[in-house]
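> Per our numbering, residue 167 is the first one in the sequence shown, and the count goes up by one each step.
Think of the CB as a built atom: it goes at the ideal place given N, C-alpha and C, for glycine as much as any other residue.
Treat the numbers as computed from the prediction; the structure is a model and nothing was measured.
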Amino acid sequence: MTERTENPIVTELTGREFTRHISSRHHAMAGATIALSATQAAALGEACLRITRDQLTEAALRQRADALISELADCRQRLLDLADKDGSAITAFAALREVGQELEGQDMLCAMPAEMGDLTFRAANALQAFRPLVIDQVHDDLEMALCLLTGATQSCALLLDSNLRIWPDPRLVERYEPQRAAIEANWRQLTPVARLRPA
Numbered sequence: 167m168t169e170r171t172e173n174p175i176v177t178e179l180t181g182r183e184f185t186r187h188i189s190s191r192h193h194a195m196a197g198a199t200i201a202l203s204a205t206q207a208a209a210l211g212e213a214c215l216r217i218t219r220d221q222l223t224e225a226a227l228r229q230r231a232d233a234l235i236s237e238l239a240d241c242r243q244r245l246l247d248l249a250d251k252d253g254s255a256i257t258a259f260a261a262l263r264e265v266g267q268e269l270e271g272q273d274m275l276c277a278m279p280a281e282m283g284d285l286t287f288r289a290a291n292a293l294q295a296f297r298p299l300v301i302d303q304v305h306d307d308l309e310m311a312l313c314l315l316t317g318a319t320q321s322c323a324l325l326l327d328s329n330l331r332i333w334p335d336p337r338l339v340e341r342y343e344p345q346r347a348a349i350e351a352n353w354r355q356l357t358p359v360a361r362l363r364p365a
């Protein structure tokens with residue numbers, strides 16, 4: 167199958183098309199890859215919460231589940247939007263550079279992983295908060311979703327750090343290094359398990 171356009175909307179591609187698109191670019195699309203991976207992990211976690219919610223009998227616990235499901239759904243949608251934005255970011259950056267606004271383009275490319283890092287942590291934190299309630303049927307699946315989101319959060323910190331290494335403009339560093347440090351601190355608060363069976 168041939169690619170439909172040079173710069174497609176990445177969330178409209180099939181899974182096969184997206185992987186082919188990522189692997190064939192002349193620039194590495196780390197941001198879109200992280201964002202879409204995180205949306206899948208958030209969706210898996212959301213399913214675990216919904217399945218558990220249907221088994222809860224206490225109204226207060228169901229309300230708690232509903233709030234966390236809403237949080238995950240919001241993170242998932244915003245990450246999808248960022249995946250599309252990142253998918254066209256290099257073209258947008260080139261256009262800004264062409265008109266002498268390179269710093270604005272660099273700022274845009276730093277802002278995206280900063281926002282992604284916040285969203286991946288929020289989604290992972292929602293799963294951690296739900297751990298005491300999750301039913302055995304989907305317990306392991308929730309842990310896998312949390313592991314994926316933990317990795318995505320760390321990857322966002324690395325992507326932002328990479329951009330600041332490539333563009334060490336003091337204005338960018340002053341703005342985004344605190345955000346990078348905050349993402350790293352949040353990542354360290356996440357506690358994915360290493361084993362599901364007793365050691």
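(1) CA-CA distance, T223 and T180?
(2) When the Cβ atoms of the stretch 230–245 are set against those of the stretch 198–218, are three or more pairs found closer than 8 Å?
(3) For P336, which three-state DSSP category applies?
(4) Could you tell me if H305 is buried or exposed, where buried requires 16 or more neighbouring beta carbons within 10 angstroms of its beta carbon?
(5) Can you list, in chain order, the residues of its chain with a C-beta nearer than 6 Å to that of I217? Leave out the 5 residues immediately preceding and following it.
(6) Looking at L312: is its Cβ nearer than 7 Å to the Cβ of A290?
(7) With distance defined between alpha-carbon atoms, name the residue in L275, D284, I188 and R191 nearest to E237.
(8) Could you tell me the distance, in whole angstroms, from the CA atom of S254 to the CA atom of Q272?
(9) Exposed or buried, which one is I235 when buried takes at least 16 other CB atoms within 10 Å?
(10) According to the neighbour-count rule (16 or more other Cβ atoms, all chains shown, within 10 Å of its Cβ), is R363 buried or exposed?
(11) Give the straight-line distance between the Cα atoms of E343 and D327, rounded to the nearest whole angstrom.
(12) Can you tell which of Q294, M195, R337 and P298 has the C-alpha that lies nearest to the C-alpha of W353?
(13) Assuming L330 contacts L338 (C-beta within less than 8 Å), just tell me the rounded distance between them.
(14) In angstroms, rounded to a whole number, what distance separates the CA positions of E270 and A196?
Well, looking at it:
(1) Computed Cα separation, rounded: 39 Å.
(2) Contact holds: three or more Cβ-Cβ distances are below 8 Å.
(3) In the displayed model, P336 falls within a helix according to three-state DSSP.
(4) In the assembly as shown, H305 is an exposed residue. Its beta-carbon has fewer than 16 other beta-carbons within 10 Å.
(5) Around I217: V304.
(6) Taking C-beta atoms as the reference points, L312 and A290 count as a pair closer than 7 Å.
(7) Of L275, D284, I188 and R191, the residue nearest in Cα terms is D284.
(8) Their Cα atoms are separated by approximately 14 Å.
(9) For I235, the number of other beta carbons within 10 angstroms of its own is at least 16, and it is reported as buried.
(10) The residue in question, R363, is exposed, as its Cβ has fewer than 16 Cβ neighbours within 10 Å.
(11) Cα to Cα, the separation comes out at about 8 Å.
(12) Taking only the C-alpha atoms, the option nearest W353 is Q294.
(13) Contact between L330 and L338 holds, since their C-beta atoms are separated by about 6 Å, short of 8 Å.
(14) The C-alpha of E270 lies about 20 Å from the C-alpha of A196.
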